[in-house]
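The numbering of the sequence shown is my numbering, which starts it at 401 and goes up by one.
Ideal placement from N, C-alpha and C gives every residue a C-beta, glycine not left out.
None of these values were measured; they are calculated from a predicted model.
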Amino acid sequence: MPTLSGEIRKDRRRWLDPSTWHLRTRLVLVAMALLVAICGAIGLFSYASMDSFLTRQLDERLGQASRLSNEAGRPRPSNPSGRQDGFEGPGQGVGTLIARIDNGNVSSAGFLAKDATVASLSPEDNQILLALQHDGTPVDRALSTGSYRLVAVEAVDRDVVVTGLPLNEKQNTLSSLVWTMVIVSMGGLVLIGLAGTVLIRRTMKPLEQLSEVATQVSQLPLDAGEVALAVRVPPSNAHPGTEVGSVGHALNLMLDNVSKALEARQQSETKVRQFVADASHELRTPLTAIRGYTELMRMTEDFTPDGKKSLARVQSQSERMTTLVEDLLLLARLDEGQPLKISDVDLTQLAVETVSDEKVMAPDRIWQLELPEEPVVVRGDAKQLHQVLANLLSNARKHTEPGTTVVTGVMRSADGSAVVTVTDNGAGIPPEFVDRVFARFARADAARTSPAGSAARSGAAGTAAAEGTSGLGLSIVQSIVEAHGGTVEVNSRPGRTEFALRLPVESPDA
């Protein structure tokens, strides 16, 4: 028995499998994935371009600041302005770093603070400056005061002059660019997702209509009777100019072909039913004459023992043929949907009467009744419902061995419908025959039964034929029950076979 956790895991696996998603979901996700990839590529290109542009711009400023620093010469012991050499020249902005290295030692180092004073560097920063190459190539370094773009060159006095500009402006610009691209991309994703969902939903709407048409056709009862296959794809979705229109057009062509085939089948069935009804009606008169003349000859003529046996055989076969003709006529009337003679029918009383009749015909079976205290009354055709019970009990009698227990039960179900069951403990019906048990002229193959059960239900072809069965009894049961708006089912296994019919509370349509 599946557990809740197992169902949750199954649903999770199904959700993680893209092949189980709706097509519109996959299309929207693919469109958004492509947009993410495009935005990402554009963002990377824009970021790289902006970074390169800002770096070139910063290097130009750094080169200019480096030239100003070199032109300042060596630092003097005293400076009237209070600045170190290199800071007093024009063009040096806030944050500019200038350091001089003399014989491997930092002789002076500082950066221009916001209050126009020169702030000193830490010893760690000085060590970073000493490690720079003196080839004039700008490099980025992280100092205690922040990230800097630094360049080290040899001055005319053989000292090394290090000049640096802060990277915070460049970093702030790149950060703003990143956030702008992220916000714009997210907004674009939302807009594309919404617009794509609406557009794809509208585009897929015709496919949903095609699915609805196919679903409606699948729910039509096409197995028998008159079939009105009027469902079609609307012309707007059946134009071959588009992919959806081509599918709709092909579906309409298929439905037209199926409709013609169903009409031909229905016409053929109508002709067959009419032929059976006409032939059965025409056979009734000669069969009645045969039975009458046979009875007259038996009463007036003196036959030898063999002649009497032959005459009895003729009489029994004519009676069997008459029963077959009557069954065919009844099925033809049921197929035509002739009105039922509706009245209140007490199923408990019918069960008592039919079981009493079978007790007389087969006293070697054990006939039992399971009836409720209150009568079970339905609206139906009393004569036909009586034949239903008679056929079911006759079926149990003809296809079981002497000593078999046959139980007839009548009850009222929880929904108010009437349920009648006929159960026996005979040999059972072969599994391969159960699905065909209600078919017309259907009989189980005697070769499939055990020798001990050759007269039982599972192998009763020979015995049934000897007792005059036509193979139409259960077909008549099913047709009558369905005409009353009910159902009949069979469940069988060795040692137990049960036929159960259910009749609704409401009266069937007349």
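- Between the region 804 to 811 and the region 781 to 788, the count of C-beta pairs closer than 8 angstroms stays below three; the two stretches do not touch.
- For residue 731, the closest alpha carbon among the candidates 829, 670, 594 is that of 670.
- Annotation: residue 579 is outside any beta strand (DSSP E); the continuous alpha helix (DSSP H) that includes it extends over 568 to 618.
- By DSSP's assignment, residue 430 forms no beta bridge with any residue.
- Under the DSSP assignment, residue 873 falls outside any beta strand (DSSP E), being part of the alpha helix (DSSP H) whose first and last residues are 873 to 883.
- Cα atoms of residue 767 and residue 678: separation of roughly 39 angstroms, rounded to the nearest angstrom.
- Just so you know, the alpha carbons of residue 444 and residue 574 end up roughly 11 angstroms apart.
- When DSSP states are grouped into helix, strand and coil, residue 748 belongs to the helix group.
- Only buried fits residue 781, as 16 or more other CB atoms lie within 10 angstroms of its CB.
- Closest by C-alpha distance to residue 876, out of 735, 816, 803, 757, is 735.
- Under the three-state reduction of DSSP output, residue 730 falls in the helix class.
- In the three-state reduction of the DSSP assignment, residue 517 falls in the coil class, being assigned neither a helical nor a strand state.
- A straight-line Cα-Cα distance of about 8 angstroms links residue 650 and residue 638.
- Residue 880 is classed as buried because its beta carbon has at least 16 other beta carbons within 10 Å across all chains shown.
- Bounds of the beta strand (DSSP E) holding residue 511 are 505 to 512.
- Between residue 742 and residue 779, the gap from beta carbon to beta carbon is short of 8 angstroms.
- Distance from residue 527 to residue 547 at the Cβ level is roughly 17 angstroms; contact not present, criterion being Cβ atoms closer than 8 angstroms.
- Between residue 500 and the set 840, 511, 561, the nearest pair of CA atoms involves 561.
- In this structure, DSSP gives residue 833 a helical state, which the three-state scheme calls helix.
- The beta carbon of residue 721 sits closer than 7 angstroms to the beta carbons of 687 from its chain, once the five residues preceding and following it are set aside; these are given in chain order.
- Judged by DSSP in its simplified three-state form, residue 825 adopts coil rather than helix or strand.
- DSSP places residue 838 in the coil class of the three-state scheme, outside both helix and strand.
- Annotation for residue 718: 687, 690, 691, 694 place their beta carbon closer than 7 angstroms to its own, counting only its chain and skipping 5 residues before and after.
- Buried is the label assigned to residue 899, since at least 16 other Cβ atoms lie within 10 Å of its Cβ.
- Just so you know, the alpha carbons of residue 510 and residue 579 end up roughly 34 angstroms apart.
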